[in-house]
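Worksheet: one structure, shown below.
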Amino acid sequence: VMRKRFGRAGRKRRRKHFGDPAQGVNLSGESQYVELRRWLKLRGFSSTCLIPAHFSDTGRGLMTSETIEAGDLIISLPEKCLLSTSTVLRSHMGELIKRWKPPVSPLLALCTFLISERHSGTRSLWKPYIDVLPKTYTCPVYFSEDTVNLLPAALRKKALKQRETVQELYESAVSFFKSLQPLFSQSVENIFTQDALCWAWCSVNTRTVYMKHPQSDFLSMEPDVYALAPYLDLLNHCPDVQVEAAFSEQSRCYEIRSGSGCRRREQAFICYGPHDNQRLLLEYGFVARGNPHSAVYVEREDLQLCLTRRDQQITQKLMFLKDHDFSENLTFGLDGPSWRLLMTLRLLSLQPDEFSSWKRVLLGAPVSHSCEQHSFHLAAVLCQHLIDENTKALEKIHVMKGRASASLRHQLDLVESLRNEEQRILHCSLDMLKRDETMTFVEDSLCSAFS
Ligand SMILES: C[S@@+](CC[C@H](N)C(=O)[O-])C[C@H]1O[C@@H](n2cnc3c(N)ncnc32)[C@H](O)[C@@H]1O
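For the sequence shown, full-length UniProt numbering gives the first residue as 1, with consecutive numbering after it.
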């Protein structure tokens, strides 16, 4: 009986029952995807090996209909399907953009085009693509103030900066939008709203592929490196896969080649880059479980915990850290404190008579046993402090989720999973530090025993 329940058939049954995240629900029959495929076919794209599907863990993505071997092309999208600034400059709004001084940025040109096409509805040549774009995003520009306040400090700062960037882009574009009035019967103020710009900005930020364009005389000098790639942009991110992606001058297609292959009827992933979870949440609005690139950031304010008034050289030490650019990028990872963090803590742990050894610290060499021990102790204190902070934030999230609307709950879920991932990393770090502290202690006692 046991065998039957836990055998292959049983596993399959259980998967079916509980939903295996690897198994997607085929969406290709839905009219919007049928339309999109028809539209793509007219522009020369007709691959059949990827099917749009819904996955319980990552949401919408692409599923393989046949095995993809290592080295195979996953997708090859003809230039005609790509939406770049050249598309925008060739379009009905091209002339007005070309006339506008000072020239708009490539990013604003793309955003403006997206907003205009979405507004045009059935009259838009890009309708089948616009229809499959998400209606809203989960990047921090969309977060409520309460949610932003629950983010870890380093990310909170970046999230606020992101909001400012989009706000400034909007303010700087208002008069340009007004110049587009001749193209619309409705008032442009009601079309190019701040909400619309937020949506377009997130569409570009989360979905474009990197594609360098020659600088246009009609656009500002900011880098022109974006292209929206319909269908291809349904591919989700996995930190562990390897792919090669680039526009091929030879085939004039944007091509993605698989590094490690993909089994039939499983989700095909690409890798957006070696991003940690804070970056994934900031730029793409999601968190990857078990992300090997993740780290927990220690802020300058956290370092206050490691300072003592009794230390007469504290000002000197802080100046030194600042001068040598050691106040940023201090992290804990799965393998403990980063090299930069450890070095910072070693410097802070130097005794007055050891201070002249700072060069050794910069070279990464331990100075003395007591300094080593103290820096490990400080690392453990910092780590515990970050764990406590996470615990408090998680408790708050839990309470807030109880009375949140569905969209707010989704934002809170994201912050919760980020904080849970950070908690996992910090616990690994703390375990490692405790082991090392004991090791240093044992080494110390051995040293004194044999000296
Ligand atoms: C290029 S799109 C990929 C397709 C997207 N899922 C869709 O339905 O349109 C990038 C967005 O997909 C989502 N995404 C990508 N990889 C993910 C993952 N591993 N888990 C959850 N969401 C992911 C994020 O919302 C991200 O901003």
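Yeah, the Cβ is synthetic: ideal placement off N, Cα and C, and Gly gets one too.
Bear in mind the structure is a predicted one, so any value in this text is a computation, not a measurement.
Supposed contact pair residue j and residue i - C-beta distance, whole angstroms, cut 8 Å
{"i": "Ala109", "j": "Leu219", "result": "6 Å"}
{"i": "Phe332", "j": "Trp358", "result": "At roughly 23 Å, the Cβ-Cβ gap does not stay under 8 Å, so Phe332 and Trp358 are not in contact."}
{"i": "Asn291", "j": "Pro337", "result": "Not a contact, Cβ separation roughly 18 Å."}
{"i": "Pro230", "j": "Tyr137", "result": "With a Cβ gap of about 17 Å, Pro230 and Tyr137 do not count as contacting."}
{"i": "Val287", "j": "Leu133", "result": "No, Val287 and Leu133 are not in contact; Cβ-Cβ is about 22 Å, not under 8 Å."}
{"i": "Ala70", "j": "Ser258", "result": "6 Å"}
{"i": "Leu27", "j": "Ala53", "result": "6 Å"}
{"i": "Lys93", "j": "Ser124", "result": "In the sequence under discussion, the amino acid at residue 93 is Met, which differs from the Lys named in the question. Not confirmed; about 12 Å, so no contact."}
{"i": "Pro140", "j": "Leu282", "result": "6 Å"}
{"i": "Arg252", "j": "Pro366", "result": "That belief does not hold up - the Cβ atoms of Arg252 and Pro366 are roughly 57 Å apart, past 8 Å."}
{"i": "residue 466", "j": "Leu426", "result": "It is not possible to answer for residue 466, since the shown part of the chain is limited to 1 through 451."}
{"i": "Leu89", "j": "Lys101", "result": "So it is not a contact: roughly 15 Å between Cβ atoms."}
{"i": "Thr64", "j": "Cys49", "result": "6 Å"}
{"i": "Leu197", "j": "Leu169", "result": "7 Å"}
{"i": "Tyr226", "j": "Val204", "result": "6 Å"}
{"i": "Leu382", "j": "Asp311", "result": "Contact flag wrong, Cβ pair sits at about 16 Å."}
{"i": "Gln411", "j": "Ser56", "result": "So it is not a contact: roughly 20 Å between Cβ atoms."}
{"i": "Arg419", "j": "Ala393", "result": "6 Å"}
{"i": "Arg340", "j": "Phe355", "result": "So it is not a contact: roughly 20 Å between Cβ atoms."}
{"i": "Leu348", "j": "Leu307", "result": "7 Å"}
Element boundaries [alpha helix (DSSP H), containing residue i]
{"i": "Ala374", "result": "Residue 374 is actually His in this sequence, not Ala. Counting along the chain, the alpha helix (DSSP H) containing His374 begins and ends at His369 to Gly402."}
{"i": "Gln215", "result": "Segment: none, Gln215 is in no alpha helix (DSSP H) and carries neither H nor E."}
{"i": "Leu281", "result": "Asn277 to Tyr284"}
{"i": "Leu89", "result": "Thr85 to Arg90"}
{"i": "Ile270", "result": "No alpha helix (DSSP H) contains Ile270, which is instead part of the beta strand (DSSP E) from Gln267 to Ile270."}
{"i": "Asn190", "result": "Val188 to Ile191"}
Residue i burial status per 10 Å Cβ neighbour count (16 or more: buried)
{"i": "Leu433", "result": "buried"}
{"i": "Arg435", "result": "exposed"}
{"i": "Tyr210", "result": "exposed"}
{"i": "Gly75", "result": "The amino acid occupying residue 75 in the given sequence is Ile; Gly does not appear at that position. Classification of Ile75: buried, given that the 10 Å Cβ count is 16 or more."}
{"i": "Pro274", "result": "exposed"}
{"i": "Arg207", "result": "buried"}
{"i": "Ile397", "result": "buried"}
{"i": "Val399", "result": "exposed"}
{"i": "Asp224", "result": "buried"}
{"i": "Asn277", "result": "buried"}
{"i": "Met221", "result": "exposed"}
{"i": "Pro103", "result": "buried"}
{"i": "His374", "result": "buried"}
{"i": "Glu328", "result": "exposed"}
{"i": "Gln250", "result": "exposed"}
{"i": "Glu164", "result": "exposed"}
{"i": "Gly29", "result": "exposed"}
{"i": "Ser294", "result": "buried"}
{"i": "Asp431", "result": "exposed"}
{"i": "Asn236", "result": "buried"}
{"i": "Trp201", "result": "buried"}
{"i": "Ala246", "result": "exposed"}
{"i": "Phe6", "result": "Residue placement at Phe6 cannot be trusted, given a pLDDT of 42 that sits under 50; the coordinates are not used to answer."}
{"i": "Thr391", "result": "exposed"}
{"i": "Val361", "result": "buried"}
{"i": "Glu395", "result": "exposed"}
{"i": "Gly61", "result": "buried"}
{"i": "Leu228", "result": "buried"}
Endpoints, the beta strand (DSSP E) within which residue i is located
{"i": "Arg38", "result": "Note, Arg38: premise wrong, no beta strand (DSSP E); alpha helix (DSSP H) at Ser31 to Leu42."}
{"i": "Val209", "result": "Thr208 to Tyr210"}
{"i": "Ser76", "result": "Leu73 to Pro78"}
{"i": "Ile51", "result": "Leu50 to Phe55"}
{"i": "Leu362", "result": "That residue, Leu362, is in no beta strand (DSSP E); its alpha helix (DSSP H) goes Trp358 to Leu362."}
{"i": "Gly59", "result": "Gly59 to Thr64"}
Chain C contact for residue i (CB, 8 Å cutoff)
{"i": "Phe113", "result": "This model lacks chain C altogether; it includes just one protein chain."}
Query raised in the report: Of all the beta strand (DSSP E) runs that stay within the bounds of the stretch 223 to 259, which reach a length of 3 or more residues?
Result: The DSSP assignment places 226 to 228, 243 to 248 and 253 to 258 as complete runs of the beta strand (DSSP E) inside the stretch 223 to 259, in order along the chain (cut-off: 3 residues).
Report task. Please list the segments of the alpha helix (DSSP H) lying wholly inside the stretch 299 to 344, counting only runs of 4 or more residues, in order along the chain. Result -> As far as the stretch 299 to 344 is concerned, its whole alpha helix (DSSP H) runs of at least 4 residues are 300 to 303 and 314 to 323.
Report task. Write down every uninterrupted run of the beta strand (DSSP E) in the stretch 96 to 178 whose length is 3 residues or greater and which is fully enclosed by it, in chain order. Result -> For the stretch 96 to 178, not a single whole beta strand (DSSP E) run of length 3 or above is found.
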